[in-house]
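K.L.:
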Amino acid sequence: MSSDLPVFNLVNVFRCRDLLLTRCVQPRLGQRLEGQLLHSLASALRDQLPNGISRDSIYESVRYLAGQVLEPRNGVELCWRLAGNIDRLKSGVAVCPWTMQPAVEWVPLQILRCQPGRNRRNKLGYNFSFRILAGSPCPMQITAFWSRELCNMLARRLGFSRWLEGRYPYRNAVELVGLRLLGELTPDRSQQSPGFYEVAVTPSLKKWNVENVLQVRCRVKPCPRGYTGACSLCVLGYKECPAATHRENFVSRFCAICGTENAWFDPESTMDRCITCHHKELTRKVD
Ligand SMILES: [Zn+2]
Ligand SMILES: [Zn+2]
Ligand SMILES: [Zn+2]
281 MSSDLPVFNL VNVFRCRDLL LTRCVQPRLG QRLEGQLLHS LASALRDQLP
331 NGISRDSIYE SVRYLAGQVL EPRNGVELCW RLAGNIDRLK SGVAVCPWTM
381 QPAVEWVPLQ ILRCQPGRNR RNKLGYNFSF RILAGSPCPM QITAFWSREL
431 CNMLARRLGF SRWLEGRYPY RNAVELVGLR LLGELTPDRS QQSPGFYEVA
481 VTPSLKKWNV ENVLQVRCRV KPCPRGYTGA CSLCVLGYKE CPAATHRENF
531 VSRFCAICGT ENAWFDPEST MDRCITCHHK ELTRKVD
């Protein structure tokens, strides 16, 4: 692990992103960005961004939107990309949507999702989705396969206790959802989309993980709803509870595949089969 890890002030990144969104994007939603309107967006962004960023870097960073209608989705992506690359913009470089990874780059990641699965060598493990929170490919979502052993090892680095008797016992890979870490993007692992192998957890990221996720998840602080069961078994999604281990609230209904009356479904995966049937499908051995 290299000692020259970059420092990301994510609070500033999100604050800047939200400022650009409310001041520059929201008043322009629905506009087709042509000619003067594109210039007007670029100069509005420049007014809200920190000083020392050239008109050219910003214009070149928004020009890919020429002719497109500004919508919530492309608007958020634009604002997040700019806010997550302030140093790059200050150095006079435009930040356009990611197409390739020309150099090694450490980026902050947040784990969004964990699903059981197999890798190309048929080994059981978990497919994780991550949001890139800052850096040249932000805010892209990327994926990685982690074996159970790797999850065990990383859990400790991410903030869980070493032992089950500790304050923050780790039991299940899905409990890694919501945590933040750094990943080292490398050109050779980024052929189709940004890819990483080396990870690192700085003391400040570990502190964030503990204070914002693990304290509630491990009941060092009470569950906001007063539930006593494990968060990894909770039906609430993280849209509603900060300690949840999946995004959407689970839905209960009849599963036609296994014939269970009140089976739980994850709307983020599929409403065609219950979670149990879906996980069986995901982990089925292919010969
Ligand atoms: Zn919970
Ligand atoms: Zn909860
Ligand atoms: Zn089922």
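In this note's numbering, the protein residues as written are 281 to 567. All residues carry an ideal CB built from backbone N, CA and C; glycine is no exception. Everything numeric in this text was worked out from a predicted model, so none of it was measured.
1. Out of curiosity, what's the CA-to-CA distance linking Lys487 and Gly364?
2. Taking 8 Å as the cut-off, decide whether the C-beta atoms of Ala374 and Ser341 are in contact.
3. So within the region 474 to 555, which uninterrupted alpha helix (DSSP H) runs reach at least 4 residues, ignoring any that extend past its ends?
4. By Cβ distance, which residues of its chain are closer than 6 Å to Ser409, with the 5 residues on each side in sequence left out?
5. Do Leu358 and Leu369 have their CB atoms nearer than 8 Å?
6. Using a 10 Å radius around the Cβ and a threshold of 16 neighbouring Cβ atoms, would you call Pro417 buried or exposed?
7. Could you check whether the Cβ of Cys557 sits closer than 7 Å to any heavy atom belonging to ligand 3?
8. Considering only their Cβ atoms, is the gap separating Gly458 from Val496 smaller than 8 Å?
9. Going by DSSP, what residue range makes up the beta strand (DSSP E) through Arg411?
10. If I follow the unbroken alpha helix (DSSP H) through Val291, where does it start and stop?
11. Look up Gln390 in the DSSP assignment and give the residues it is bridged to.
12. Tell whether a beta-carbon distance below 8 Å holds between Ser470 and Gln381.
13. Would you report the Cα separation of Leu350 and Leu318, rounded to the nearest angstrom?
14. Using a Cβ-Cβ cut-off of 6 Å (strictly less than) and excluding sequence neighbours within five positions of Val356, which residues of its own chain qualify?
15. Which residue comes first and which comes last in the beta strand (DSSP E) that contains Ala424?
16. Under a three-way DSSP split, which group does Gln395 fall into?
17. According to DSSP, is Leu285 helix, strand or coil?
18. How many Å lie between Glu528 and Arg295 at the Cα?
19. Please state the DSSP three-state secondary structure of Arg566.
P.N.:
In short:
1. Residue numbering aside, residue 487 sits at position 207 when the sequence shown is read from its first letter. Residue numbering aside, residue 364 sits at position 84 when the sequence shown is read from its first letter. Between the alpha carbons of Lys487 and Gly364 lies a gap of roughly 21 Å.
2. Walking along the sequence shown from the start, residue 374 turns up at place 94. Walking along the sequence shown from the start, residue 341 turns up at place 61. Their beta carbons are under 8 Å apart, which means Ala374 touches Ser341 by this criterion.
3. Unbroken alpha helix (DSSP H) stretches of 4 residues or longer found wholly inside the region 474 to 555: 483 to 489, given in chain order.
4. As a working note, residue 409 is residue 129 in the sequence shown. Answer for Ser409: Leu392, Arg393, Gln421, Thr423, listed in chain order.
5. To locate residue 358, count along the sequence shown from 1; it is residue 78. To locate residue 369, count along the sequence shown from 1; it is residue 89. Contact: no.
6. Here residue 417 is taken as the residue at index 137 of the sequence shown, counted from 1. Buried, since its Cβ has 16 or more Cβ neighbours within 10 Å.
7. Here residue 557 is taken as the residue at index 277 of the sequence shown, counted from 1. Yes, Cβ of Cys557 sits closer than 7 Å to a heavy atom of ligand 3.
8. Numbered from its first residue, the sequence shown carries residue 496 at position 216. Numbered from its first residue, the sequence shown carries residue 458 at position 178. In this structure, Gly458 does not lie closer than 8 Å to Val496 by Cβ.
9. Counting from one through the sequence shown, the residue named residue 411 turns up at place 131. Where Arg411 is concerned, the enclosing beta strand (DSSP E) stretches over 404 to 412.
10. Counting from 1 along the sequence shown, the entry for residue 291 is found at position 11. Boundaries of the alpha helix (DSSP H) around Val291: 290 to 300.
11. Start at 1 with the first residue of the sequence shown, and residue 390 comes out as number 110. Within the DSSP bridge table, the entry for Gln390 names Arg411, Arg460 as partners.
12. Position 190 of the sequence shown, counting from 1, holds the residue named residue 470. Position 101 of the sequence shown, counting from 1, holds the residue named residue 381. Contact: yes.
13. Locating residue 350 in the sequence shown gives position 70, where the first residue counts as 1. Locating residue 318 in the sequence shown gives position 38, where the first residue counts as 1. Each residue's Cα considered, the two are about 10 Å apart.
14. Position 76 of the sequence shown holds residue 356. Excluding positions up to five away in sequence, the list is empty.
15. As a first step, residue 424 must be located in the sequence shown, where it is residue number 144. Note, Ala424: beta strand (DSSP E), 421 to 427.
16. Position 115 of the sequence shown, counting from 1, holds the residue named residue 395. It is a strand residue.
17. Sequence index remark: in the sequence shown, residue 285 carries index 5 (1-based). Looking at Leu285 - three-state DSSP - the assignment turns out to be coil, as it is neither helix nor strand.
18. As a working mapping, residue 528 is identified with position 248 in the sequence shown. As a working mapping, residue 295 is identified with position 15 in the sequence shown. Distance between the alpha carbons of Glu528 and Arg295: 25 Å.
19. One-based indexing of the sequence shown puts residue 566 at position 286. What sits at residue 566 in the sequence shown is Val, not Arg. Coil, per DSSP.
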